[in-house]
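J.: Quick note on numbering: the sequence shown equals residues 3 to 178 in our numbering.
Heads up, the beta-carbon is just placed ideally off N, CA and C, and yes, glycines get one too.
Source: prediction; values computed, not measured.
Below is the structure I would like to discuss, written out as C-alpha coordinates.
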Amino acid sequence: MKKNPESILQQIQKDLLAERYDCTLELANEKIPNDQLIVFIGNDASEREKILLITAVEQIMQGEESKAPAPYYLVHFHVVLPFAVAPLAASQTGSTLLFINRLLELPGFELSEIEEKVTYRYVLFMHGAHVDKLLLFSIIGNIMMTLDLFGSIIESVAAGQKTFNELLEEMLTITK
(Lines of atoms letter the chains of each structure in order from A; the text may use other names.)
(Lines give C-alpha, C1' and ligand atoms only; values in the text may rest on other atoms or scores of the structure.)
Protein backbone atom coordinates (compact mmCIF):
# COMPACT_ATOMS: atom_id res chain seq x y z
CA MET A 3 0.00 0.00 0.00
CA LYS A 4 1.19 3.48 -0.85
CA LYS A 5 0.35 6.63 1.04
CA ASN A 6 -2.40 8.81 -0.27
CA PRO A 7 -1.49 11.73 -2.45
CA GLU A 8 -2.63 14.83 -0.68
CA SER A 9 -4.71 15.91 -3.67
CA ILE A 10 -7.72 13.67 -2.86
CA LEU A 11 -8.05 15.02 0.66
CA GLN A 12 -7.37 18.57 -0.54
CA GLN A 13 -10.16 18.19 -3.12
CA ILE A 14 -12.54 16.84 -0.47
CA GLN A 15 -11.56 19.66 1.89
CA LYS A 16 -12.20 22.24 -0.83
CA ASP A 17 -15.67 20.78 -1.50
CA LEU A 18 -16.49 20.70 2.22
CA LEU A 19 -15.27 24.25 2.84
CA ALA A 20 -17.39 25.47 -0.09
CA GLU A 21 -20.42 24.08 1.76
CA ARG A 22 -19.27 25.67 5.05
CA TYR A 23 -18.14 22.50 6.80
CA ASP A 24 -15.53 23.05 9.50
CA CYS A 25 -12.58 20.82 8.54
CA THR A 26 -8.81 20.61 8.90
CA LEU A 27 -6.26 18.64 6.89
CA GLU A 28 -3.68 17.02 9.16
CA LEU A 29 -0.58 15.71 7.42
CA ALA A 30 1.01 12.36 8.26
CA ASN A 31 3.58 12.45 11.03
CA GLU A 32 5.18 10.12 13.56
CA LYS A 33 1.83 9.70 15.36
CA ILE A 34 -0.45 9.60 12.32
CA PRO A 35 0.55 7.18 9.52
CA ASN A 36 -1.58 8.81 6.78
CA ASP A 37 -2.85 12.28 6.01
CA GLN A 38 -6.32 12.76 7.44
CA LEU A 39 -9.11 15.24 7.00
CA ILE A 40 -10.85 16.04 10.29
CA VAL A 41 -14.46 17.14 9.75
CA PHE A 42 -16.82 18.50 12.42
CA ILE A 43 -20.27 17.08 11.62
CA GLY A 44 -22.27 18.55 14.48
CA ASN A 45 -23.15 17.69 18.05
CA ASP A 46 -25.12 14.75 19.34
CA ALA A 47 -28.21 15.02 21.58
CA SER A 48 -25.90 15.49 24.60
CA GLU A 49 -23.99 18.32 22.84
CA ARG A 50 -20.84 16.22 22.34
CA GLU A 51 -18.91 16.83 19.12
CA LYS A 52 -19.14 14.31 16.31
CA ILE A 53 -15.92 14.16 14.31
CA LEU A 54 -15.55 12.44 10.93
CA LEU A 55 -12.03 11.38 9.93
CA ILE A 56 -11.41 10.89 6.22
CA THR A 57 -8.28 9.20 4.90
CA ALA A 58 -7.33 7.97 1.43
CA VAL A 59 -4.80 5.27 0.65
CA GLU A 60 -3.61 4.32 -2.83
CA GLN A 61 -4.08 0.65 -3.71
CA ILE A 62 -1.81 -1.23 -6.10
CA MET A 63 -3.93 -3.86 -7.83
CA GLN A 64 -2.16 -7.11 -8.63
CA GLY A 65 -1.28 -7.17 -12.32
CA GLU A 66 -2.03 -3.46 -12.72
CA GLU A 67 1.25 -2.05 -11.41
CA SER A 68 2.34 -0.63 -14.76
CA LYS A 69 -0.93 -0.60 -16.75
CA ALA A 70 -3.28 1.60 -14.75
CA PRO A 71 -3.53 5.14 -16.15
CA ALA A 72 -5.12 6.26 -12.88
CA PRO A 73 -4.52 4.66 -9.50
CA TYR A 74 -7.09 3.01 -7.27
CA TYR A 75 -7.84 4.35 -3.79
CA LEU A 76 -9.62 3.37 -0.62
CA VAL A 77 -11.24 6.43 0.93
CA HIS A 78 -12.10 5.74 4.59
CA PHE A 79 -14.84 7.63 6.45
CA HIS A 80 -14.57 6.96 10.20
CA VAL A 81 -16.45 8.28 13.26
CA VAL A 82 -15.85 7.27 16.87
CA LEU A 83 -19.10 7.68 18.79
CA PRO A 84 -18.61 9.94 21.85
CA PHE A 85 -19.36 7.41 24.59
CA ALA A 86 -17.82 4.32 26.14
CA VAL A 87 -19.25 0.81 26.13
CA ALA A 88 -19.67 -0.66 29.60
CA PRO A 89 -17.78 -3.98 29.68
CA LEU A 90 -20.87 -5.85 30.90
CA ALA A 91 -22.93 -4.35 28.06
CA ALA A 92 -20.52 -5.28 25.24
CA SER A 93 -22.44 -8.39 24.17
CA GLN A 94 -25.78 -6.55 24.13
CA THR A 95 -24.18 -3.66 22.24
CA GLY A 96 -22.75 -6.06 19.65
CA SER A 97 -26.20 -7.61 19.08
CA THR A 98 -27.72 -4.15 18.73
CA LEU A 99 -25.11 -3.08 16.17
CA LEU A 100 -25.64 -6.24 14.10
CA PHE A 101 -29.39 -5.63 14.12
CA ILE A 102 -29.04 -1.97 13.12
CA ASN A 103 -26.48 -2.74 10.39
CA ARG A 104 -29.00 -5.08 8.75
CA LEU A 105 -31.44 -2.16 8.48
CA LEU A 106 -28.98 0.21 6.80
CA GLU A 107 -28.18 0.72 3.12
CA LEU A 108 -24.60 1.58 4.12
CA PRO A 109 -23.99 -0.55 7.22
CA GLY A 110 -20.92 0.39 9.16
CA PHE A 111 -21.33 0.23 12.93
CA GLU A 112 -18.50 -1.63 14.64
CA LEU A 113 -17.72 -2.52 18.24
CA SER A 114 -14.22 -2.47 19.70
CA GLU A 115 -14.49 -4.38 22.95
CA ILE A 116 -10.82 -3.72 23.74
CA GLU A 117 -11.18 0.06 23.38
CA GLU A 118 -14.78 -0.01 24.71
CA LYS A 119 -15.88 2.12 21.75
CA VAL A 120 -18.47 2.05 19.00
CA THR A 121 -17.41 3.39 15.61
CA TYR A 122 -19.05 3.94 12.26
CA ARG A 123 -16.89 3.19 9.23
CA TYR A 124 -17.55 3.37 5.52
CA VAL A 125 -14.95 2.65 2.83
CA LEU A 126 -15.26 3.93 -0.75
CA PHE A 127 -13.23 2.06 -3.36
CA MET A 128 -12.53 4.34 -6.31
CA HIS A 129 -10.53 4.59 -9.51
CA GLY A 130 -8.81 7.91 -10.12
CA ALA A 131 -7.95 10.73 -7.75
CA HIS A 132 -11.25 12.63 -7.77
CA VAL A 133 -14.25 11.99 -5.52
CA ASP A 134 -17.53 12.98 -7.16
CA LYS A 135 -19.02 15.89 -5.17
CA LEU A 136 -22.57 14.49 -5.17
CA LEU A 137 -21.29 11.10 -4.01
CA LEU A 138 -19.16 12.73 -1.30
CA PHE A 139 -22.07 14.69 0.16
CA SER A 140 -24.40 11.69 -0.15
CA ILE A 141 -21.98 9.57 1.90
CA ILE A 142 -21.43 12.26 4.53
CA GLY A 143 -25.15 13.05 4.72
CA ASN A 144 -25.97 9.37 5.14
CA ILE A 145 -23.37 9.03 7.91
CA MET A 146 -24.76 12.09 9.73
CA MET A 147 -28.35 10.83 9.43
CA THR A 148 -27.39 7.33 10.60
CA LEU A 149 -25.57 8.70 13.66
CA ASP A 150 -28.51 10.98 14.50
CA LEU A 151 -31.04 8.15 14.14
CA PHE A 152 -29.20 5.45 16.05
CA GLY A 153 -26.58 7.12 18.27
CA SER A 154 -28.75 7.54 21.37
CA ILE A 155 -30.28 4.06 20.96
CA ILE A 156 -26.82 2.49 20.78
CA GLU A 157 -25.63 4.56 23.75
CA SER A 158 -28.54 3.42 25.94
CA VAL A 159 -27.55 -0.21 25.34
CA ALA A 160 -23.80 0.50 25.60
CA ALA A 161 -24.33 2.20 28.98
CA GLY A 162 -26.30 -0.80 30.25
CA GLN A 163 -29.55 1.19 30.56
CA LYS A 164 -31.36 -1.18 28.17
CA THR A 165 -30.81 -4.64 26.82
CA PHE A 166 -31.12 -5.60 23.19
CA ASN A 167 -34.32 -7.54 23.99
CA GLU A 168 -35.85 -4.51 25.73
CA LEU A 169 -35.03 -2.46 22.67
CA LEU A 170 -36.76 -4.99 20.41
CA GLU A 171 -39.83 -5.05 22.68
CA GLU A 172 -40.05 -1.25 22.50
CA MET A 173 -39.85 -1.39 18.72
CA LEU A 174 -42.62 -4.00 18.53
CA THR A 175 -44.83 -1.87 20.77
CA ILE A 176 -44.26 1.20 18.60
CA THR A 177 -45.02 -0.63 15.36
CA LYS A 178 -48.31 -2.15 16.59
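By the three-class DSSP mapping on this structure, what secondary structure does Ile53 have?
T.: strand
J.: Excluding the 5 residues preceding and the 5 following Leu108 in the sequence, name in chain order all residues of the same chain whose CB lies nearer than 6 angstroms to its CB.
T.: Tyr124, Asn144
J.: Can you tell me which residues form a DSSP beta bridge with Lys119?
T.: Ala86, Ser114
J.: So is Ala88 in contact with chain D if we call contact Cβ pairs under 8 angstroms?
T.: Absent here is chain D; the protein component of the structure consists of one chain.
J.: Quick one: grab the DSSP three-state call for Ala58.
T.: strand
J.: Here's a check: name, in chain order, each residue in its chain whose Cβ is nearer than 6 angstroms to the Cβ of Ile43, leaving out the five neighbours to either side.
T.: Lys52, Leu54, Met146
J.: For the alpha helix (DSSP H) that Asp150 lies in, which residues bound it at each end?
T.: DSSP places Asp150 in the uninterrupted alpha helix (DSSP H) bounded by 135-160.
J.: What does the Cβ neighbour count give for Asp24, buried or exposed, with the cut at 16 atoms within 10 Å?
T.: Its Cβ having fewer than 16 others within 10 Å, Asp24 is exposed.
J.: Taking C-beta to C-beta, are His132 and Gln13 nearer than 8 angstroms?
T.: Closer than 8 angstroms, so yes.
J.: Under 8 angstroms between the Cβ atoms of Glu112 and Thr121?
T.: yes
J.: Just to confirm, are Leu83 and Gly162 a CB contact at a threshold of 8 angstroms?
T.: no
J.: According to DSSP, simplified to helix, strand and coil, what is Thr26?
T.: strand
J.: Where DSSP assigns a beta bridge to Gln38, which residues make up the other side?
T.: Glu28
J.: When you compare the CB positions of Ala58 and Val77, do they come within less than 8 angstroms of one another, or not?
T.: yes
J.: Please report the residue range of the alpha helix (DSSP H) in which Gly96 lies.
T.: 92-105
J.: Give the DSSP-derived three-state secondary structure of Leu170 in the structure shown.
T.: helix
J.: Which of helix, strand or coil does DSSP assign to Leu18?
T.: helix
J.: Count the other CB atoms, across all protein chains shown, that sit within 10 Å of the CB of Leu18; report buried if there are 16 or more and exposed otherwise.
T.: buried
J.: Answer with buried or exposed for Ala72, where buried requires no fewer than 16 other C-beta atoms within 10 angstroms of its C-beta.
T.: exposed
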